[in-house]
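Asks: Counting in my numbering, the sequence shown runs from 14 upward without gaps.
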Amino acid sequence: MAQDQATAAKNLCDPITLEIVRGALIAIQSEMEAVIERTAMSPFIREKKDFYAALYDAEGRLIAGSNLPVFGDVVGPIAEHYPLSSMRPGDIYWFNDCYASKGAVSHSPDQVFVAPVFADG
Numbered sequence: 014m015a016q017d018q019a020t021a022a023k024n025l026c027d028p029i030t031l032e033i034v035r036g037a038l039i040a041i042q043s044e045m046e047a048v049i050e051r052t053a054m055s056p057f058i059r060e061k062k063d064f065y066a067a068l069y070d071a072e073g074r075l076i077a078g079s080n081l082p083v084f085g086d087v088v089g090p091i092a093e094h095y096p097l098s099s100m101r102p103g104d105i106y107w108f109n110d111c112y113a114s115k116g117a118v119s120h121s122p123d124q125v126f127v128a129p130v131f132a133d134g
């Protein structure tokens, strides 16, 4: 399955374009982490890097991210309560339910913020 998807992705565009897009997605994800680290009030977040930033597609599949939680579901609980059709540019979804996230949120102070990005918005 994964091999079929990789082959399909290679056939969609040339290797140079694919690498440019891949690099841009990784740069976006790295910039999100840098903003969190620079603006964090907590030394625990700044020094231990106890945070996670990533890009997901509309189906909730990981596109770019590091420090990936080993288990759990970070964006699924939001999609369960708020259908994609109801999401609008500027929306931000916030939750910290360790049960709904299947363990991705493991402590009460853990917070998840999801901001959908729209191609034309």
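Built from N, CA and C at the ideal position, the CB exists for glycine as well.
Could you spell out where the alpha helix (DSSP H) holding residue 40 opens and where it closes?
Replies: Looking up residue 40 in the sequence shown gives position 27. Per DSSP, residue 40 belongs to the alpha helix (DSSP H) from 28-52.
Asks: In the DSSP assignment, the alpha helix (DSSP H) including residue 89 goes from what residue to what residue?
Replies: Here residue 89 corresponds to residue number 76 of the sequence shown, with the count starting at 1. 89-94 is the extent of the alpha helix (DSSP H) around residue 89.
Asks: Taking the C-alpha atoms as reference points, what is the distance between residue 60 and residue 46?
Replies: Position 47 of the sequence shown, counted from the first residue, corresponds to residue 60. Position 33 of the sequence shown, counted from the first residue, corresponds to residue 46. Looking at the two C-alpha atoms, the distance is approximately 13 angstroms.
Asks: Hey, could you find the ends of the beta strand (DSSP E) residue 108 is sitting in?
Replies: Residue numbering aside, residue 108 sits at position 95 when the sequence shown is read from its first letter. Looking at the DSSP string, the run of the beta strand (DSSP E) that includes residue 108 is 106-108.
Asks: What does the Cβ neighbour count give for residue 117, buried or exposed, with the cut at 16 atoms within 10 Å?
Replies: Residue mapping note: residue 117 aligns to position 104 of the sequence shown, counting from 1. Burial call: buried.
Asks: Under 6 angstroms Cβ to Cβ from residue 107, same chain only, skipping five residues before and after it: list those, please.
Replies: For the purposes of this step, residue 107 is identified with residue 94 of the sequence shown, where counting begins at 1. Cβ neighbours of residue 107 beyond the five flanking positions: 126.
Asks: In three-state terms, what does DSSP make of residue 126?
Replies: Against the sequence shown, residue 126 aligns to sequence position 113. Here residue 126 sits in strand by DSSP.
Asks: In whole angstroms, give me the CA-to-CA distance for residue 86 and residue 115.
Replies: Locating residue 86 in the sequence shown gives position 73, where the first residue counts as 1. Locating residue 115 in the sequence shown gives position 102, where the first residue counts as 1. Each residue's alpha carbon lies about 6 angstroms from the other.
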